[in-house]
Amino acid sequence: MKRKSIAIVGLGRFGSTLAKTVVALGHEVLGIDKDKTIVQKMVPYITQGIIADFNDEDAIRALHLEEFDVVVLSIGADTQAKLLAALVLKEQNISYLVAKATSSTEGKLLRKIGVDEVIYPEFDMATRVAHMLTREHILDYFELSNTIAIVEMVIPKFMIGKSLVELQLRDQYNINVIAIKRGNDIMAPPNPKEILKKTDIIIVIGDNYNISKLN
Numbered sequence: 446m447k448r449k450s451i452a453i454v455g456l457g458r459f460g461s462t463l464a465k466t467v468v469a470l471g472h473e474v475l476g477i478d479k480d481k482t483i484v485q486k487m488v489p490y491i492t493q494g495i496i497a498d499f500n501d502e503d504a505i506r507a508l509h510l511e512e513f514d515v516v517v518l519s520i521g522a523d524t525q526a527k528l529l530a531a532l533v534l535k536e537q538n539i540s541y542l543v544a545k546a547t548s549s550t551e552g553k554l555l556r557k558i559g560v561d562e563v564i565y566p567e568f569d570m571a572t573r574v575a576h577m578l579t580r581e582h583i584l585d586y587f588e589l590s591n592t593i594a595i596v597e598m599v600i601p602k603f604m605i606g607k608s609l610v611e612l613q614l615r616d617q618y619n620i621n622v623i624a625i626k627r628g629n630d631i632m633a634p635p636n637p638k639e640i641l642k643k644t645d646i647i648i649v650i651g652d653n654y655n656i657s658k659l660n
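Yeah, the sequence shown ends on 660 if you go by our numbering, and it's all consecutive.
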């Protein structure tokens, strides 16, 4: 796996967690925030920390973030700073620019500026938790689009003692089982002839409506 260099601007709850996770995965992280105390706290966990105010165009350009594989704008409620930073960074030909949005309006503005990917952490987490709370058999949920999701779920009763070949889930439900979790073991991709057990957990990908029909 190629070691990537990632700059994260804004080290609040989301930015700091992202930074620590990216480092744990073996990549380089430059963490940037205007708050000196926050940067100092993060220095032990990241490759490098810098104090910079992203309301200052010259300060943004001086960082030369075009040298990084990915730049993530994780600035919180300061929409002005976020939009200014996005504009300046796009002028610098950043390879891949990601920005966190706090509203659909902010997301649309970031898209118009040319941000490569806009993420909505609060919305995504709320959607994930809603599915987990209202559907007891769902252990985890990751939405790929408005209709398609990857779902980790307790094995439905009708699957126990049968193999994927017998169940024909792709033909019956247009769903694919991409992994089977059995204790500490993960079978990915799963053997289609493997007999499913009561304690198994399956990870499936497909249309939300079709997945809901499994239970």
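The beta carbon of each residue, even a glycine, is placed where N, CA and C say it ideally should be.
Mapping DSSP to helix, strand and coil, what is Arg448? In the three-state reduction of the DSSP assignment, Arg448 falls in the coil class.
In this structure, how does DSSP classify Leu529 when only helix, strand and coil are distinguished? Three-state DSSP puts Leu529 in a helix.
Where Ser548 and Gly457 are concerned, what is the direct C-alpha to C-alpha distance, given to the nearest angstrom? 17 Å
Can you tell me the Cβ-Cβ gap for Asn546 and Leu555, rounded? I've got them flagged as a contact below 8 Å. Asn is not the amino acid found at residue 546; the sequence shown has Ala there. Going by Cβ atoms, the distance from Ala546 to Leu555 rounds to 6 Å, so yes, they are a contact pair.
Of all the options Ile620, Asn621, Leu641, Asp616, which has the alpha carbon lying nearest to the alpha carbon of Arg627? Among Ile620, Asn621, Leu641, Asp616, the Cα nearest to that of Arg627 is on Leu641.
Could you give the C-beta distance for Gly471 and Val484, rounded to a whole number, given that I count them as a contact under 8 Å? The pair is not a contact, with the Cβ atoms about 22 Å apart (cut-off 8 Å).
Closer than 6 Å by C-beta to Glu473: which residues in its own chain qualify, once you throw out the five before and the five after it? Chain order, please. Ser450, Thr492.
Leu463 versus Leu518, Asn629, Glu536, His509, residue with shortest Cα-Cα distance: Leu518
Is the CB-CB distance between Ala507 and Ile520 below 8 Å? no
Let me know the alpha helix (DSSP H) ranges lying completely inside the region 568-594, each 4 residues or longer, listed in chain order. none
Just list the alpha helix (DSSP H) runs in the region 457-545, keeping only unbroken ones of 4 residues or longer that don't cross its boundaries, in chain order. 458-469, 481-487, 502-507, 524-536
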